[in-house]
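Last residue of the sequence shown: 104 (this note's numbering), numbering continuous.
Step one of this worksheet: look at the structure below.
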Amino acid sequence: AVYGPWGCGRCTKCQQGKENYCLNAARLGINPPGLGNPGAIAEYMIVDDPRHLMPLGDLDPVKTVPLTDAGLTPYHAIKRSLPKL
20 AVYGPWGCGR CTKCQQGKEN YCLNAARLGI NPPGLGNPGA IAEYMIVDDP
70 RHLMPLGDLD PVKTVPLTDA GLTPYHAIKR SLPKL
């Protein structure tokens, strides 16, 4: 599977694992597939760095693909809200 938010990989946000908040993405013209550039639903794609690849293990990609978007959106909202509950 390909990790969606791509960043420069060098700034403080990227080093913290928060590439979706990359401080240099706009300046460097980084547009990940599906987040500015077409191609995220393609059968094959070119990935610029191995750090964007995630092993699937035993997961069936057809059954688990919704987790990459529809599942993670509420997950992140709940995770950020837990300290306030």
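Every residue, glycine too, gets a C-beta built ideally from N, C-alpha and C.
Environment of residue i [buried if 16+ CB atoms lie within 10 Å]
i	result
I65	exposed
A61	exposed
I49	buried
H71	buried
Pick from the options that is closest to residue i, judged by C-alpha positions
i	options	result
D68	L101, P80, E38 and T31	E38
Y22	N43, L75 and T31	L75
A45	T92, G36, M73 and C27	C27
Residues that residue i bridges to, as DSSP identifies them
i	result
V21	L72
Same chain, Cβ closer than 7 Å to residue i, five either side skipped, listed in chain order
i	result
C30	C41, L42 and N43
Own chain partners of residue i with C-beta closer than 6 Å, once the 5 adjacent residues on each side are dropped
i	result
I20	Residue identity differs from the one stated: residue 20 is Ala in this sequence, not Ile. Only M73 and L75 meet the Cβ criterion.
Simplified DSSP assignment, three categories, for residue i
i	result
Y63	coil
Q34	helix
R99	helix
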